[in-house]
Amino acid sequence: MLVTVGWGIGSAIYVDGHVHVGRDGLAGERGHSTVAEDGGLCSCGNRGCLELCSSAAAIVRRVRSELEHGVASSLIDEVSGNLDDLSVEVIAAAAKSHERLSERVLAEAGMHLGTALAGVVNLLNPEKVILSGKVPQVAGEVTLGPLLYSLRQRVLPWAVKDLAVVVSEFGEEAAAVGMALVAAEGVLKARCREVQGTDSRHGERPTPDQSVSAKANSTPAKEDIARTE
Ligand SMILES: [Zn+2]
């Protein structure tokens with residue numbers, strides 16, 4: 010399973026060599042699963058969606074809000090007093106220097122991600138969870154540690170025992186690459202159906218004996234002539 014945590018949050022479920030897209034292509038919409046029942050209102054109309062808690066946009070928004078409400082932080086100096094310059098990269102760098110507000114917000118984002126992943130791990134028992142996107146890549150252990158703690162607290166012990174959780178080097182482009190692969194697989198399947206349809210319109214596939222016979226009656230190819238001369 011791939012989970013991308015960038016400006017938004019999405020995921021892809023890879024089963025038996027294929028991306029599972031669901032009936033309407035909506036499978037993997039982790040960003041809009043509820044992790045805080047009394048949380049804020051999301052753009053999807055639901056409350057407390059994962060995207061409101063753990064996406065890069067949510068992290069920047071939360072840190073900015075606390076700074077605007079007077080929470081003391083060296084982040085103000087990091088952006089020279091201009092809160093428009095806040096980014097998840099700036100926050101992650103500050104967290105790695107043990108700036109408390111940044112550490113707390115990134116850790117809470119990780120805890121919520123772990124809660125959301127626990128439900129999927131219990132449901133699907135995946136072999137591997139791959140995290141991609143800006144948040145896991147720039148925050149690293151600051152977010153990953155709380156994520157794994159939260160996941161282990163909530164998932165069935167034997168479902169997490171051999172579960173690999175890794176961070177991919179793919180960034181925001183992971184979704185585009187995945188969509189391209191799904192589209193390519195769809196084209197190939199459609200082409201296969203066309204070919205099979207053509208075969209069935211022309212009758213049964215030839216048996217091996219018929220095939221040999223048909224070849225023997227056809228005009229020999231140049232290489233066949235070369236071999237027989
Ligand atoms: Zn939502």
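Counting in the numbering used here, the sequence shown runs from 10 upward without gaps.
Virtual Cβ for every residue (Gly too), placed ideally from N, Cα, C.
As the structure is a computational prediction, the values presented were derived from the model and not from experiment.
- request: May I ask which residues mark the beginning and end of the alpha helix (DSSP H) holding residue 74?
  value: 65-77
query: Under the rule that 16 or more other beta-carbon atoms within 10 Å means buried, what is residue 37, buried or exposed?
result: Looking at its Cβ environment, which holds 16 or more other Cβ atoms inside 10 Å, residue 37 is buried.
- prompt: Going along the chain, which residues of its own chain have a beta-carbon closer than 6 Å to the beta-carbon of residue 83, five neighbours each way excluded?
  reply: The answer, listed in chain order, is 108.
query: Residue range of the beta strand (DSSP E) that residue 140 falls in?
result: 137-141
field: Local conformation of residue 26 per DSSP, three classes
entry: coil
query: Who are the near neighbours of residue 24 in its chain, counting only those whose CB is closer than 7 Å to its CB and skipping five residues on each side?
result: none
Close-in-space but distant-in-sequence residues of the same chain around residue 217 (CB under 6 Å, 5 per side omitted): Residue confidence is low: residue 217 scores 44 on pLDDT, short of 50, so the model does not pin down where it sits. Its coordinate-derived value is still stated next. Closer than 6 Å at the Cβ level, and outside the excluded window around residue 217, lies no residue.
query: When we look at the beta-carbon of residue 62 and count the other beta-carbons within 10 Å, is it buried (16 or more) or exposed?
result: buried
task: Can you grab the Cα-Cα spacing for the pair residue 131 / residue 162, in whole Å?
output: 12 Å
message: Within a Cβ cutoff of 6 Å, which residues of the same chain sit near residue 58, ignoring the five residues on either side of it in sequence?
response: 41 and 51
- prompt: Taking the beta strand (DSSP E) that residue 44 falls in, what are its first and last residues?
  reply: Premise fails: residue 44 is in no beta strand (DSSP E) and is neither H nor E.
- prompt: Is it a yes or a no for the stretch 86-98 touching the stretch 124-142, going by three-plus beta-carbon pairs under 8 Å?
  reply: no
query: Is the beta carbon of residue 121 within less than 6 Å of some heavy atom of ligand 1?
result: no
Assumed close pair residue 144, residue 14 - CB separation to whole angstroms, cut-off 8 Å: With a Cβ gap of about 4 Å, residue 144 and residue 14 count as contacting.
message: Following a CB-centred definition, is residue 53 positioned closer than 6 Å to any heavy atom of ligand 2?
response: Looking for ligand 2 in the displayed structure turns up nothing; the ligands present are ligand 1.
task: Could you give the DSSP three-state label for residue 53: helix, strand or coil?
output: coil
- prompt: If you compare alpha carbons, which of 156, 34 and 115 is closest to residue 68?
  reply: 115
field: Heavy atom of ligand 1 within 6 Å of residue 58 beta-carbon
entry: Residue 58 Cβ: within cutoff of ligand 1.
task: From the DSSP output, read off the bridge partner residues of residue 133.
output: Note: residue 133 sits in no beta bridge, so no partner.
task: With a threshold of 16 other CB atoms inside 10 Å of the CB of residue 206, please say whether the residue is buried or exposed.
output: exposed
query: For residue 16, which residues from the same chain have a beta carbon less than 8 Å from its beta carbon, with the 5 sequence-adjacent residues on both sides left out?
result: Setting aside the 5 residues that flank it on each side, residue 16 is surrounded in the same chain by 64, 65, 66, 143 and 181, each with a C-beta closer than 8 Å to its C-beta; the list follows chain order.
message: So if DSSP puts residue 18 in a beta bridge, which residue, or which two residues, is it bridged to?
response: 14
message: Quick check: the Cα distance between residue 150 and residue 164, rounded to an integer number of angstroms?
response: 20 Å
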